[in-house]
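Below is one structure, written out as structure tokens, with a few remarks after it.
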Amino acid sequence: DNGTSRRLTDEEFDRYSRQMIVPGMGKEGQLRLINGRILIIGAGGLGCPAAQYIAGAGVGTIGIIDGDVVELSNLHRQVGHSTSRIGMKKVDSLITHLRDLNPLPTYIPHPFPLTPQNAASILSAYDVILDCTDNPATRYLISDVCVLLGKPLVSAASVRTSGQLIVLNCPPAPQGVLADGPHPPCYRCCFKNPPPPHAAPSCGEAGILGPVVGLMGLAQAGEAIKILASALHLPTHTGEANLRQPTLLIYSYDLAGAVGPYTFRALRMAGRKKTCFACGEGSEGRLTLEGIKDGTPDYEVFCGLNATPKGGGL
Amino acid sequence: DNGTSRRLTDEEFDRYSRQMIVPGMGKEGQLRLINGRILIIGAGGLGCPAAQYIAGAGVGTIGIIDGDVVELSNLHRQVGHSTSRIGMKKVDSLITHLRDLNPLPTYIPHPFPLTPQNAASILSAYDVILDCTDNPATRYLISDVCVLLGKPLVSAASVRTSGQLIVLNCPPAPQGVLADGPHPPCYRCCFKNPPPPHAAPSCGEAGILGPVVGLMGLAQAGEAIKILASALHLPTHTGEANLRQPTLLIYSYDLAGAVGPYTFRALRMAGRKKTCFACGEGSEGRLTLEGIKDGTPDYEVFCGLNATPKGGGL
Amino acid sequence: MGDSAADDSKIPITVDFSGGLEILFSNQRHYALSLPAADKDGSPSTIKSLVGYLLKELIKDPRQDLFVLDGHIRPGILVLINNADWELEGEEDYELQAGDNIFFVSTLHGG
Amino acid sequence: MGDSAADDSKIPITVDFSGGLEILFSNQRHYALSLPAADKDGSPSTIKSLVGYLLKELIKDPRQDLFVLDGHIRPGILVLINNADWELEGEEDYELQAGDNIFFVSTLHGG
Ligand SMILES: [Zn+2]
Ligand SMILES: [Zn+2]
Chain W
13 DNGTSRRLTD EEFDRYSRQM IVPGMGKEGQ LRLINGRILI IGAGGLGCPA AQYIAGAGVG
73 TIGIIDGDVV ELSNLHRQVG HSTSRIGMKK VDSLITHLRD LNPLPTYIPH PFPLTPQNAA
133 SILSAYDVIL DCTDNPATRY LISDVCVLLG KPLVSAASVR TSGQLIVLNC PPAPQGVLAD
193 GPHPPCYRCC FKNPPPPHAA PSCGEAGILG PVVGLMGLAQ AGEAIKILAS ALHLPTHTGE
253 ANLRQPTLLI YSYDLAGAVG PYTFRALRMA GRKKTCFACG EGSEGRLTLE GIKDGTPDYE
313 VFCGLNATPK GGGL
Chain Y
13 DNGTSRRLTD EEFDRYSRQM IVPGMGKEGQ LRLINGRILI IGAGGLGCPA AQYIAGAGVG
73 TIGIIDGDVV ELSNLHRQVG HSTSRIGMKK VDSLITHLRD LNPLPTYIPH PFPLTPQNAA
133 SILSAYDVIL DCTDNPATRY LISDVCVLLG KPLVSAASVR TSGQLIVLNC PPAPQGVLAD
193 GPHPPCYRCC FKNPPPPHAA PSCGEAGILG PVVGLMGLAQ AGEAIKILAS ALHLPTHTGE
253 ANLRQPTLLI YSYDLAGAVG PYTFRALRMA GRKKTCFACG EGSEGRLTLE GIKDGTPDYE
313 VFCGLNATPK GGGL
Chain D
142 MGDSAADDSK IPITVDFSGG LEILFSNQRH YALSLPAADK DGSPSTIKSL VGYLLKELIK
202 DPRQDLFVLD GHIRPGILVL INNADWELEG EEDYELQAGD NIFFVSTLHG G
Chain U
142 MGDSAADDSK IPITVDFSGG LEILFSNQRH YALSLPAADK DGSPSTIKSL VGYLLKELIK
202 DPRQDLFVLD GHIRPGILVL INNADWELEG EEDYELQAGD NIFFVSTLHG G
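If you read the sequences in order, they're chains W, Y, D and U.
If you count by this note's numbering, then the first sequence holds residues 13 to 326, one letter each, in order.
If you count by this note's numbering, then the second sequence holds residues 13 to 326, one letter each, in order.
If you count by this note's numbering, then the third sequence holds residues 142 to 252, one letter each, in order.
If you count by this note's numbering, then the fourth sequence holds residues 142 to 252, one letter each, in order.
Below, the structure written as structure tokens:
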């Protein structure tokens with residue numbers, strides 16, 4: 013029994029009725045959500061809206077990992093926190109909000125940063141991973157661990173007036189396998205090398221508009237919910253071929269102009285690459301869970317290699 | 013003095029710092045937001061996320077109008093409410109949430125439905141109007157009043173897995189004026205006749221997915237914020253020409269498939285139409301604020317005219 | 142479009158449905174179609190010809206009145222020709238060109 | 142593209158910037174350009190030729206190293222040829238065609 017045959021409680025029926033009558037969701041999709049486990053890495057501008065809609069939809073187990081505390085300058089965009097919770101751990105603040113929205117899911121706080129040492133043990137307990145973080149080193153770490161654990165990854169990022177979203181590693185293929193492809197890409201397949209540090213500013217340095225990062229986080233929730241509800245991460249599913257055309261969604265918000273043909277663009281990306289460090293040919297020999305724990309690769313060094321600090325980045 | 017030359021308080025500086033450093037916003041844009049007044053009509057699936065980001069951004073006066081109370085079946089998508097506030101007026105519930113997010117704006121509750129009798133007096137106190145409602149009759153009413161009062165209108169709608177967004181009447185042109193155009197369209201220019209009632213189901217009847225309606229509401233916040241911050245609704249602004257290419261954004265979420273080239277589409281719409289009942293040639297003779305108050309046109313009849321009730325709508 | 146290029150009595154076009162209209166068309170949002178280049182009377186195929194073709198060949202749902210009323214696209218459906226409102230292009234009388242994309246969108250009112 | 146059609150030594154293309162790269166190009170996200178059809182040595186214009194043209198003619202910001210490092214597009218910039226990853230099309234050696242859209246996107250990491 014995969015848990016999709018039990019009855020729904022009266023409260024579940026009432027609470028989820030409007031989404032259950034959508035064609036393609038139904039009781040089966042709802043039970044897949046209730047039995048599903050999503051990890052949200054980062055409780056900031058992406059993680060807040062993503063968490064609201066994932067909790068609202070009734071995903072049964074929701075983990076949130078973040079080591080930061082709520083600050084006043086977060087609140088223009090991090091709408092799952094509040095002025096009265098400034099100084100609280102972001103994870104606890106967000107879960108407070110989510111629990112009042114929907115008390116039914118199990119919320120699991122991880123109130124500390126994701127590290128090469130703790131990543132595998134945390135990610136292994138979830139079905140779908142959301143990368144809502146804010147730095148290149150953590151993004152490469154998350155993707156590598158997702159490849160090794162076979163987890164689908166919904167990755168988004170946003171700075172200033174731009175946003176990006178891509179679903180990776182879905183459905184997951186074993187590391188190093190290239191036959192019977194194309195297989196879906198990992199983060200390194202799409203973004204082989206990190207930018208020089210001065211060209212990869214954070215939202216703190218370069219600024220960010222709330223509706224831009226919010227929209228990307230909400231789109232992440234939409235992708236995560238469809239993956240769980242339609243079981244798109246399971247290799248046997250008929251949706252597989254569809255998800256194998258990897259697409260990078262680009263959002264270009266224009267503060268001085270209207271929505272237009274360039275506002276949203278869907279870009280065709282390549283699949284798994286033979287030359288990929290993490291999932292390509294021979295990758296089993298260079299990327300392992302044990303190695304990551306022991307400091308290989310060194311993500312900080314990898315993302316700082318090209319460091320030639322200059323004023324003002326992109 | 014248009015109020016954009018005062019100093020920001022320390023709290024404002026800290027709270028809005030991350031959006032103020034975005035190119036194009038700056039202190040001037042922030043002060044335009046602080047001096048701006050936005051009315052959100054509908055505190056449901058569109059209005060909740062729109063309000064969160066409009067409040068977060070620091071828009072100084074935020075009115076919300078809705079006559080409904082919070083129900084359990086709202087909460088999967090109406091993330092500005094909560095389980096503990098079930099039974100409360102939606103307007104009061106949402107403002108409770110917003111005030112904790114950002115106590116600085118002035119929140120104005122209108123805890124009753126928008127009607128032909130109260131529409132003009134309410135809308136006249138705001139700079140930008142958001143249509144976050146759920147039925148055709150109210151949508152035509154809002155647009156007509158926006159034409160007559162010269163208010164820009166950010167209109168969105170969502171059912172099941174689809175969403176739509178369009179900025180109307182921006183910058184506003186006087187009713188009936190066709191010279192020196194093209195002028196921006198009103199709702200009736202784009203959507204001349206309502207569908208037969210059985211083809212226009214509500215979210216309650218046809219269902220709705222949280223991330224779909226949420227994304228449209230968030231996109232509305234983005235458009236409203238850019239209109240205020242860049243003063244795009246003022247006829248003298250250089251952004252005018254840009255906003256005069258009216259664009260209908262269509263979101264087609266696919267529960268069974270990945271993001272792709274058809275997920276977002278930007279459609280070129282016509283400008284103000286000579287034949288438009290509300291803003292076209294001779295419209296001053298058939299649509300007035302006094303007439304609307306007195307029941308002409310009758311929006312219920314207009315939207316029920318083609319009524320031939322049948323099972324299951326679109 | 143490839144293989145129909147040699148047959149010049151056919152026009153390859155794509156047709157999309159959104160806003161719920163896809164439910165009438167087997168829940169499929171995107172179609173690649175090959176239409177006769179001319180109507181029976183020899184005049185070039187138009188949007189009107191396409192609508193006739195959709196009703197005859199493609200619609201599976203019995204609720205055809207949710208798509209066409211009194212011989213015309215029902216109120217509340219937008220028709221886009223290559224991403225532009227069909228009112229910019231001549232409405233039903235627009236003559237189809239190879240490669241055209243015709244997009245039918247049902248207007249939404251929920252929120 | 143119109144007026145350059147008569148001059149067959151030019152290729153009309155469009156070039157877009159996103160993810161912050163537009164800041165280097167006068168904060169403009171969309172450009173319609175007319176490029177020489179061949180390099181000085183007579184070989185067809187490629188993405189590499191385009192990058193040279195952008196550095197010579199279009200970039201206004203002195204921080205050219207945010208766009209090109211050691212003669213190549215810097216790490217952290219995606220190049221899309223007609224909406225597809227350039228690795229699907231031959232990367233810098235792709236030969237430009239009339240009407241091509243080349244899209245440069247800086248990879249984002251914030252959240
Ligand atoms: Zn890879
Ligand atoms: Zn009009």
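Think of the CB as a built atom: it goes at the ideal place given N, C-alpha and C, for glycine as much as any other residue.
Item	Value
What residues in its chain sit with their C-beta under 6 Å from that of residue 102 of chain Y, if we drop five residues either side in the sequence?	55, 78, 80 and 82
Output needed for residue 129 of chain Y: all residues of its chain with C-beta closer than 8 Å, excluding positions within five of it in sequence on either side, in chain order.	305
Output needed for residue 177 of chain Y: all residues of its chain with C-beta closer than 6 Å, excluding positions within five of it in sequence on either side, in chain order.	168, 228, 231 and 261
Any C-beta of chain D sitting closer than 9 Å to the C-beta of residue 286 of chain Y?	no
Excluding the five sequence neighbours on either side, which residues of its own chain have a C-beta within less than 6 Å of the C-beta of residue 226 of chain D, listed in chain order?	none
Start and end of the alpha helix (DSSP H) containing residue 240 of chain W?	222-241
Between the beta-carbon of residue 182 of chain D and the beta-carbon of residue 243 of chain D, is there less than 9 Å?	no
With ligand 1 as the reference, list in chain order each residue whose Cβ lies under 7 Å from any of its heavy atoms.	W:159, W:197, W:198, W:200, W:201, W:284, W:285, W:288, W:290, W:291 and W:292
Taking the beta strand (DSSP E) that residue 222 of chain D belongs to, which residues open and close that run?	218-222
Which residues does DSSP list as the beta-bridge partners of residue 119 of chain W?	W:74
Let me check one thing: in DSSP terms, what residues is residue 277 of chain Y bridge-paired to?	Y:262
Check each residue of the segment 213-242 of chain U: if its Cβ is closer than 7 Å to any Cβ of chain W, include it; give the result in chain order.	215, 216, 217, 221, 224, 225, 226, 228 and 229
Would you be able to state if there are at least three C-beta pairs under 8 Å between the segment 61-80 of chain W and the segment 285-298 of chain Y?	no
Does the CB of residue 247 of chain D have a neighbour CB from chain Y at under 9 Å?	yes
For chain W, is any of its Cβ atoms less than 9 Å away from the one on residue 159 of chain U?	yes
Counting only Cβ-Cβ distances shorter than 9 Å, please list the residues of the segment 197-231 of chain W near chain U, keeping chain order.	202, 203, 204, 205, 206, 207, 208, 210, 211, 212, 213, 214, 215, 216, 217, 218, 220, 225, 228 and 229
Buried or exposed for residue 18 of chain Y, please, with buried defined as at least 16 other CB atoms from any protein chain shown within 10 angstroms of its CB.	exposed
Just the chain U side, please: which residues come within less than 7 Å of residue 54 of chain W by C-beta, in chain order?	252
Kindly give me the distance between the Cβ atoms of residue 154 of chain W and residue 141 of chain W, rounded to whole angstroms, as I take these residues to be in contact under 8 Å.	7 Å
Is residue 166 of chain U close to chain W? Criterion is C-beta to C-beta, closer than 9 Å.	no
Just list the residues that DSSP pairs residue 175 of chain Y with in beta bridges.	Y:170 and Y:263
State buried or exposed for residue 139 of chain W, treating a residue as buried only when at least 16 other CB atoms are found within 10 Å of its CB.	buried
In chain D, what lies closer than 7 Å to residue 262 of chain Y by C-beta?	159 and 246
Who are the near neighbours of residue 241 of chain Y in its chain, counting only those whose CB is closer than 7 Å to its CB and skipping five residues on each side?	37, 41, 44 and 45
Of all the CB atoms in chain W, is at least one closer than 9 Å to the CB of residue 134 of chain Y?	no
Give me the chain W residues within the contact set of residue 70 of chain Y, using Cβ-Cβ distance strictly less than 8 Å, ordered along the chain.	88
What are the boundary residues of the alpha helix (DSSP H) that residue 33 of chain W is part of?	From DSSP, residue 33 of chain W is part of no alpha helix (DSSP H); its letter is neither H nor E.
Report the three-state DSSP secondary structure of residue 43 of chain W (helix, strand or coil).	helix
I'd like to know if residue 138 of chain Y contacts chain W, where contact means its C-beta is closer than 9 Å to some C-beta of that chain.	no
Does the beta carbon of residue 107 of chain D sit closer than 9 Å to a beta carbon anywhere in chain Y?	Outside the shown range of chain D, which is 142 to 252, sits residue 107 of chain D, and nothing can be said about it.
So, residue 51 of chain W versus residue 185 of chain W, is the Cβ gap smaller than 9 Å?	no
Excluding sequence positions up to five away, which residues of its chain have a Cβ less than 8 Å from the Cβ of residue 117 of chain Y?	67, 70, 71, 72, 73, 74 and 110
Taking the alpha helix (DSSP H) that residue 61 of chain Y belongs to, which residues open and close that run?	59-69
The beta strand (DSSP E) with residue 153 of chain U in it runs from where to where?	151-159
Using the beta-carbon of each residue, which ones in chain D are nearer than 8 Å to residue 171 of chain Y?	160, 161, 249, 250 and 251
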